[in-house]
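>
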Amino acid sequence: MSSFKKGFYGLIAFFVPLMAVLTPYDIEITNYLRAHSLVGFREFMAQTIFEGDPPGGGDPVTLFIVMALLLYLLANLPKATAALKRWRPFYGFILATSLTGALVMVRLLKFFVGRARPRLVFGDAGLPFTNWFEVGPQAITKSFYHGSFPSGHTASVMCLICLLYIYSTGSVRAGRGGFRRILLALPILTYAAMMALARTMSYAHWITDCIFSIAAVWTIAQLFFYVVLRVPEEMARAEEGRPAPPKLWELRFSLYILVLAAGVIAAGRGMGELSGEFAMKSAIMVIGGFLISLISFRRGRSLRRRALQL
């Protein structure tokens, strides 16, 4: 069995039963964590220097992504060192996983699922509770930024899971590979669990929102590393001195995914309001969103084929 299949099936085997067990007790677990919350802890995990706050729990992963972006841009320069060029596919993998997992996946699901946050269910708003797999009261019209499912903060932290794949590149001696992967995975998963607990304690999310984010971003990383970007093969190509792929192709490919998602959201918003007062405007949004998504998909697919020489 290939490395991709082993990892993918392992994630499915662990997280699907976990979500099945947690879902019936979503309200109870969330309320328990809220009742036993640590105010200082949950506030620290929510604050960030990038919004004018003191240093907070989300800052390390933001700095990690910024560093990956800088290294990626340097690796694409004509005078980049051999080491930077060799690791360029890995930096691109980090960026692609971060953009797709922490931004595209989160925003798409928030928009179409529209699950109300606990504070809106138990607070004055009185919105109805819905499970994570149901369409909620904020779907399509009001949930782009404010929907509960999934947790964007937890998804962002899980982008660090990309580091776990450093032992699968072929450029690092794994040695006692399984043991080293565990040592690296433990602090990353602990960090993600801390963010999940903090977001649940603050009534910003249900516990299943956070667990899903952990599972989804890890699955996206597995898919991108082995199937979409083919990082081991690309790193081997760089080491062998074969022709380089198009400049910044991983970043450009990720941006095509982002634009595709924006088109889907525009089309969805238009469809949701076709029967309203602005039917013509909504129809234009549907058609425009569909065309944007189609063009982005075709260009992204073409870029990937050229880059990977498919």
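Sequence positions in the sequence shown follow the numbering used here and run 621 to 930. Yeah, the Cβ is synthetic: ideal placement off N, Cα and C, and Gly gets one too. Source: prediction; values computed, not measured.
What's the C-alpha gap between ARG727 and ALA836?
Here residue 727 refers to the residue found at position 107 of the sequence shown. Here residue 836 refers to the residue found at position 216 of the sequence shown. If you take the alpha carbons of ARG727 and ALA836, they lie about 13 Å apart.
> Are the Cβ atoms of MET639 and HIS773 separated by less than 9 Å?
Mapped onto the sequence shown, residue 639 falls at position 19. Mapped onto the sequence shown, residue 773 falls at position 153. No, the pair does not count as a contact, with Cβ atoms beyond the cut-off.
> Once you ignore the five residues that flank TYR846 on each side, which residues in its own chain have a CB closer than 7 Å to its CB?
The residue you call residue 846 lines up with position 226 of the sequence shown. Result list for TYR846: SER623 and PHE624, in chain order.
> Taking LEU679 as part of the alpha helix (DSSP H), name the residues at either end of that continuous run.
Working through the sequence shown from its first residue, we reach residue 679 at position 59. Inspection of the sequence shows that residue 679 is occupied by Asp rather than by Leu. It spans 679-695 - the alpha helix (DSSP H) in which ASP679 sits, taken as one unbroken run.
> Check each candidate in VAL636, GLU854, ILE831 and SER822 and name the one with the smallest Cα separation from ALA813.
Within the sequence shown, the letter at position 193 stands for residue 813. For the residues VAL636, GLU854, ILE831 and SER822, the minimum Cα distance to ALA813 belongs to ILE831.
> Could you give the uninterrupted runs of the alpha helix (DSSP H) lying entirely in the stretch 770-853, keeping only those of 4 residues or more?
Runs of the alpha helix (DSSP H) inside the stretch 770-853: 772-777, 797-821 and 827-843.
> Output the boundary residues of the alpha helix (DSSP H) element that contains PRO738.
Residue numbering aside, residue 738 sits at position 118 when the sequence shown is read from its first letter. Segment 738-742, the alpha helix (DSSP H) holding PRO738.
> Would DSSP call ASN651 helix, strand or coil?
If you number the sequence shown from 1, residue 651 lands on position 31. It is helical.
> Under the rule that 16 or more other beta-carbon atoms within 10 Å means buried, what is HIS766, buried or exposed?
Within the sequence shown, residue 766 is the residue found at index 146, counting from 1. Exposed.
> Where do the N-terminal and C-terminal ends of the alpha helix (DSSP H) with TYR931 fall, by residue?
The question about residue 931 has no answer, for the chain in this structure spans 621 to 930.
> Taking the straight line between their C-alpha atoms, what separation do you get for GLY677 and GLU663?
Walking along the sequence shown from the start, residue 677 turns up at place 57. Walking along the sequence shown from the start, residue 663 turns up at place 43. If you take the alpha carbons of GLY677 and GLU663, they lie about 9 Å apart.
> Taking 9 Å as the threshold (C-beta atoms), are ILE786 and LEU804 in contact?
Here residue 804 refers to the residue found at position 184 of the sequence shown. Here residue 786 refers to the residue found at position 166 of the sequence shown. Against a cut-off of 9 Å, the Cβ pair of ILE786 and LEU804 comes out as a contact.
> Work out the CA separation of SER718 and PRO698 for me, nearest whole Å.
For this step, residue 698 is matched to residue 78 along the sequence shown. For this step, residue 718 is matched to residue 98 along the sequence shown. Near 25 Å, if we compare the C-alpha coordinates of SER718 and PRO698.
> Could you check whether GLY890 and SER902 sit closer than 9 Å to each other, using their CB atoms as the reference points?
The count along the sequence shown starts at 1 and reaches residue 902 at position 282. The count along the sequence shown starts at 1 and reaches residue 890 at position 270. Taking 9 Å as the Cβ cut-off, SER902 and GLY890 qualify as a contacting pair.
> Would you mind sorting THR701 into buried or exposed? The rule is 16 or more other CB atoms within 10 Å of its CB.
Counting from one through the sequence shown, the residue named residue 701 turns up at place 81. Exposed.
> So MET821 packs on VAL777, CB below 8 Å; how close in whole Å?
What you label residue 821 is simply residue 201 of the sequence shown in a count that begins at 1. What you label residue 777 is simply residue 157 of the sequence shown in a count that begins at 1. With a Cβ gap of about 15 Å, MET821 and VAL777 do not count as contacting.
> How big is the Cα-Cα spacing for ALA934 and ILE840?
Residue 934 is absent from the structure shown; the chain starts at 621 and stops at 930.
> Would you call the CB atoms of VAL681 and CYS779 closer than 9 Å?
Residue mapping note: residue 681 aligns to position 61 of the sequence shown, counting from 1. Residue mapping note: residue 779 aligns to position 159 of the sequence shown, counting from 1. It is a contact, given that the beta carbons lie within the stated cut-off.
> Three or more C-beta pairs under 8 Å: does that hold for the stretch 844-858 against the stretch 708-715?
Enough Cβ pairs lie closer than 8 Å, so yes.
> Are there three or more Cβ pairs, one per stretch, closer than 8 Å when the stretch 634-648 is compared with the stretch 743-761?
Yes, since at least three Cβ pairs between the stretch 634-648 and the stretch 743-761 fall closer than 8 Å, the two stretches touch.
> Does the beta-carbon distance from GLN842 to PHE635 come in below 9 Å?
In the sequence shown, the residue the question calls residue 842 occupies position 222. In the sequence shown, the residue the question calls residue 635 occupies position 15. No, they are not a contact pair.
> Could you tell me the alpha carbon to alpha carbon distance between ALA722 and LEU894, rounded to whole angstroms?
Residue mapping note: residue 722 aligns to position 102 of the sequence shown, counting from 1. Residue mapping note: residue 894 aligns to position 274 of the sequence shown, counting from 1. When rounded, the distance between both Cα atoms is 30 Å.
> Is the CB-CB distance between PRO637 and GLU854 below 9 Å?
Counted from its first residue, the sequence shown places residue 637 at position 17. Counted from its first residue, the sequence shown places residue 854 at position 234. Cβ atoms of PRO637 and GLU854: not closer than 9 Å.
> Given this structure, state the Cα-to-Cα distance separating ARG926 from PRO866, to the nearest angstrom.
Taking the first residue of the sequence shown as 1, we reach residue 926 at position 306. Taking the first residue of the sequence shown as 1, we reach residue 866 at position 246. Straight-line Cα distance between these residues: approximately 8 Å.
> Expressed to the nearest angstrom, what Euclidean distance is found between the alpha-carbon atoms of LEU914 and GLY660?
Taking the first residue of the sequence shown as 1, we reach residue 914 at position 294. Taking the first residue of the sequence shown as 1, we reach residue 660 at position 40. Each residue's alpha carbon lies about 46 Å from the other.
> May I have the straight-line CA-CA distance separating GLY908 from GLY883, to the nearest angstrom?
Here the question's residue 908 lines up with position 288 in the sequence shown. Here the question's residue 883 lines up with position 263 in the sequence shown. The alpha-carbon atoms of GLY908 and GLY883 are separated by roughly 7 Å.
> What did DSSP end up calling TRP707 once you bin it into helix, strand or coil?
On the sequence shown, position 87 is the one that residue 707 refers to. In this structure, TRP707 counts as helix in the three-state DSSP scheme.
> Less than 9 Å between the C-beta atoms of PRO770 and ARG654, yes or no?
Here residue 770 is taken as the residue at index 150 of the sequence shown, counted from 1. Here residue 654 is taken as the residue at index 34 of the sequence shown, counted from 1. In this structure, ARG654 does not lie closer than 9 Å to PRO770 by Cβ.
> In terms of residues, what are the limits of the alpha helix (DSSP H) holding ILE915?
Position 295 of the sequence shown holds residue 915. Run containing ILE915: 899-928, per the alpha helix (DSSP H) assignment.
> Can you tell which of ALA745, VAL741, LEU911 and GLY756 has the C-alpha that lies nearest to the C-alpha of PHE731?
Your numbering for residue 731 matches position 111 in the sequence shown. Cα-wise, what sits closest to PHE731 is GLY756.
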